[in-house]
Amino acid sequence: MSRREQLERNLNVKKPRIALTDDSIAADEIADAREAEMRAAATADSDASAFSDEENTEPVKFERGTTQKGALCLWHRGYKFVKRRCTWFSCCQKTCQATVRLDDEQHLTGRLGSKEHNHCAVFAQQSADAGRAQIKRAIEVDPQLRPSQMRAQVRAGTADETFDQLGTNDALDRMVQRVKNKLVGNVNRANPLEIRFAPELLNKDGESVLIYDSRTQRVNEADVVMVFSHSKLLDVLRRNRRWSLDGTFRSAPTQWTQAFIVGAYVDKRMVVCAQALLPGKNSRFYREALSAIGNAVASAPARNFEKSMMRAAREVFPEALQSGCNFHWAQCLFRKAKSLGIFNLFNGNDEEAEEERKNVHRTFRKVLTLALLPPMHVRRAFALTTERAPLGMQTWLSYVAKTFIGLTQAEQRLGIVAFEPQHISFLSRSSNTMRSHLRTLSMESTDFSTLSGDHSYVVQFGRPSPAPSTPTMSSINDGMGRGHRWNLPITRPPKYNVDFWNVYDRAQAALERTNNAMESAHGQFARDLNHHPSLGAFLAAFVKDIDKQRDIAQAIRLGKIRNRRPKYVIKEQRVVEILETARFGTNKELMEVCNLLGLVMQGFVGGLHVRNNESDVDSEDD
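The structure is reproduced here in structure tokens:
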């Protein structure tokens, strides 16, 4: 056999495999364990070399601290030691070789290593770390706390060195945001489609407060609608058939336009039962939110003045009776009056200007009382108030007529002239100011059409009259032969019918006349929130508010709710007494009733306010 054949034969021979018995496996494990013990012993010897000197074997008392991630750290004379392994701690500076060994973790006693620090001690760092840990603990207990409040509390009374070691306000704010993100998840995304909720954020007594999320129904659509409530609050809606619907932009997170609120009247007290985040004021968003809460059917949801919300409520609850909100009625009128500047028409210091200013406020209060009068007398009271109004309020009065009363054919044709007072007497000193203000209003307006246009008023000052003379409202009434202007037929219906915003029947029955209770309840909810808060802060506040609203409803049922303030009870009783004894036969009697009701409403007018970015009447988007 040649050598080549011998090599080929050796290559083809298969070597027998060695069977792995239990004894061989056990031998390998024992060998690995011995090798690990030898490595650990070598490491321990190297670590123990740091404590070979006798002078460092005396026990030392350390101070407890925490790292940024919440782990245990030790402090000794301004030096910080972080845990490396088991009971061994080393200096927080990477280039420093100083170490300590902790013998008793409960009493924080141990021994210092032989290596000395190669840097100076930072005594202020310990106080700064304690301050940051205090902020973290407070945020973990209540994520709704504002970072500015915690910063001020921690920085107060600290030394200059500690103040500097705490870091800048931006750094502390970012630290707070990181802590909140751990608690609530990444919910503060600019794109609502990317929001992911942590289960702990939505959990309340074992159930989720998110009862509707449009992302599960309308996939990949950016106009996200979310509805939040709880079974305890939904039960309040089922038990109480009078609902109140309202919307606010203040407490809505930045990703949404409005926070839509649904509450229930429980014995004349308001309980907020659900909140929805809407991307706009479109009726389909309201309809979507109301449908999600549709398990509880309303019989008469009280309303504020928003057409899209009214339409949605009518479509979702066709059997419900809708009624307006006296508070929002007054707010609409007040915002429009402030925007037109009617309270600043007379700025003189003489007695005549002072009297005219009072007349402006009296006229405003008389218009507010229209909601408390019988609907059949509303047009007559408004016409009589218009005839006695001071010059300069015509733009505002035309807005009231167009939006809440309705316009006759003559009022549409005459425009703002139809609302001029019938007894005009120019003041000798303030007439120039009045003409200047009215001329300013005319220059700001670019629409000189009639009231049937999109604008709420028409200004014709400073433009040549198309006719030789402008007829007055009185001459048109006489010419048509139909008597007084309030008897003329309405040719342009108002945006909101009288039956909707008038609360005379409810005042007679001592029912709720206003949604001010809803405003108050939501004001308490949003009191500790920033304007347009983050979604995490909004949800934390909502979950915290659930128990409060449930307790209010329960206390009312048990008769343990506190009594209302006497002054409000007296005012409401006074309104009821005036209406019970009122006579509306003659114009004089009607105006006397308006004057009396206006005097009672003086305090109510003082509570009206205007917020930024609020319109006089919310508009319809679609």
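Counted the way the working numbering counts, the sequence shown spans residues 660 to 1281. Ideal Cβ positions, reconstructed from N, Cα and C, are used throughout, including at glycine. Remember, it's a predicted structure, so these values are computed and weren't measured experimentally.
{"Asked": "So, with DSSP's three-state summary, where would you put residue 760?", "Found": "strand"}
{"Asked": "Using 10 angstroms around the beta-carbon of residue 722, count the other beta-carbons present and answer buried if the total reaches 16, otherwise exposed.", "Found": "exposed"}
{"Asked": "Could you pull the start and end residues of the beta strand (DSSP E) that residue 735 belongs to?", "Found": "731-735"}
{"Asked": "For residue 1251, tell me which candidate among 848, 1066, 1043 and 820 has the shortest Cα-Cα distance.", "Found": "1043"}
{"Asked": "Whole angstroms are fine: how far does the CA of residue 771 sit from the CA of residue 708?", "Found": "Bear in mind that the predicted position of residue 708 carries a pLDDT of just 49, short of 50, making it unreliable; the figure below should be weighed with that in mind. So the alpha carbons of these two residues sit roughly 12 Å apart."}
{"Asked": "Is it the case that the Cβ atoms of residue 1060 and residue 1023 are separated by a distance below 8 Å?", "Found": "no"}
{"Asked": "Indicate whether residue 1197 and residue 912 have their beta-carbon atoms separated by less than 8 Å.", "Found": "yes"}
{"Asked": "Check the C-beta distance from residue 787 over to residue 821 and give it rounded, since I have them as a contact under 8 Å.", "Found": "5 Å"}
{"Asked": "With distance defined between alpha-carbon atoms, name the residue in 899, 1254 and 1076 nearest to residue 929.", "Found": "899"}
{"Asked": "Residue 1075 to residue 992, Cα distance in whole Å?", "Found": "17 Å"}
{"Asked": "From what residue to what residue does the beta strand (DSSP E) around residue 902 run?", "Found": "902-907"}
{"Asked": "Which residue from 1201, 1213 and 1260 puts its Cα closest to that of residue 894?", "Found": "1213"}
{"Asked": "Hey, could you find the ends of the alpha helix (DSSP H) residue 885 is sitting in?", "Found": "Segment 885-888 is the beta strand (DSSP E) holding residue 885; no alpha helix (DSSP H) there."}
{"Asked": "Thinking C-alpha only, which one of 1238, 1209 and 758 is nearest residue 1259?", "Found": "1238"}
{"Asked": "When the Cα atoms are used, what is the spatial distance from residue 1029 to residue 1040?", "Found": "7 Å"}
{"Asked": "Where does residue 722 sit, in a helix, a strand or coil, going by DSSP?", "Found": "strand"}
{"Asked": "Use the C-beta contact count for residue 1025: other C-beta atoms within 10 angstroms, 16 or more gives buried, fewer gives exposed.", "Found": "buried"}
{"Asked": "Short check: CB of residue 734 to CB of residue 765, under 8 Å?", "Found": "no"}
{"Asked": "Taking residue 852 as the reference, give the member of 859, 874, 841 and 861 with the closest Cα.", "Found": "874"}
{"Asked": "Do residue 933 and residue 884 come within 8 Å of each other at the CB atom, strictly closer than that value?", "Found": "no"}
{"Asked": "Going straight from the alpha carbon of residue 872 to that of residue 935, what length do you get?", "Found": "10 Å"}
{"Asked": "By the three-class DSSP mapping on this structure, what secondary structure does residue 932 have?", "Found": "strand"}
{"Asked": "Provide the residue span of the alpha helix (DSSP H) that contains residue 1022, from first to last.", "Found": "1010-1027"}
{"Asked": "Do the CB positions of residue 1188 and residue 846 come within less than 8 Å of each other?", "Found": "no"}
{"Asked": "Can you say whether residue 964 is buried or exposed, counting buried as having 16 or more other CB atoms within 10 angstroms of its CB?", "Found": "Its pLDDT being 48, under 50, residue 964 is placed unreliably in this model, and the coordinates cannot settle the point."}
{"Asked": "What's the C-alpha gap between residue 813 and residue 791?", "Found": "8 Å"}
{"Asked": "Give me, in chain order, the residues of the same chain whose beta-carbon lies closer than 8 Å to that of residue 939; leave out the 5 immediate sequence neighbours on both sides.", "Found": "882, 916, 917 and 1280"}
{"Asked": "Return the residue from the list 802, 1199 and 751 that minimises the CA-CA distance to residue 780.", "Found": "751"}
{"Asked": "Judging by CA-CA distance, which residue of 1234, 1072 and 1186 is the nearest neighbour of residue 1256?", "Found": "1234"}
{"Asked": "In the DSSP assignment, find the unbroken alpha helix (DSSP H) run with residue 1069 in it and report its ends.", "Found": "1068-1073"}
{"Asked": "At 3 residues or longer, and completely inside the stretch 851-878: list those beta strand (DSSP E) runs for me, N to C.", "Found": "869-872"}
{"Asked": "Thinking residue 1031 and residue 1155 are a contact (beta carbons under 8 Å), I'd like their distance in whole angstroms, please.", "Found": "That belief does not hold up - the Cβ atoms of residue 1031 and residue 1155 are roughly 16 Å apart, past 8 Å."}
{"Asked": "Counting only the same chain and skipping the five closest in sequence on each side, list residues whose C-beta sits under 7 Å from that of residue 776.", "Found": "738, 750, 755 and 757"}
{"Asked": "If you run the structure through DSSP and keep just helix, strand and coil, what is residue 924?", "Found": "strand"}
{"Asked": "Just tell me which of 769, 727 and 886 has its CA closest to the CA of residue 720.", "Found": "769"}
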